[in-house]
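Heads up, the thing below is written out as structure tokens.
In the numbering used here, the protein residues as written are 161 to 234.
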């Protein structure tokens, strides 16, 4: 898990967006499994939600950094 956090911070913007999309697809599939009672690991649902939130946070931090650098140059 600690490796994932460090690796997520190193992702570029496009890579982070792609990873978010795949995690959202996984979350969607887990919801259906949860409804049908086929979910193997119930904690996985919350873990994926946390990973998505973590990626959005790092993505927003990078965007705000880029904006600050852009405005600094003007």
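All residues carry an ideal CB built from backbone N, CA and C; glycine is no exception. This one's a predicted model, so the numbers in the text were calculated from it and none came from an experiment.
Counting along the chain, the unbroken alpha helix (DSSP H) around residue 173 starts and ends at 173-196.
Here residue 176 is buried, its C-beta having at least 16 other C-beta atoms within 10 Å.
Taking all protein chains shown into account, residue 195 has fewer than 16 neighbouring C-beta atoms within 10 Å of its C-beta and is therefore exposed. For residue 183, the CB contacts under 8 Å within the same chain, skipping 5 residues up- and downstream, are 208, 211, 212 and 215 in chain order. Nearest neighbour of residue 168 by Cα position, chosen from 230, 199 and 217, turns out to be 217. Taken through DSSP and simplified to helix, strand or coil, residue 206 comes out as helix.
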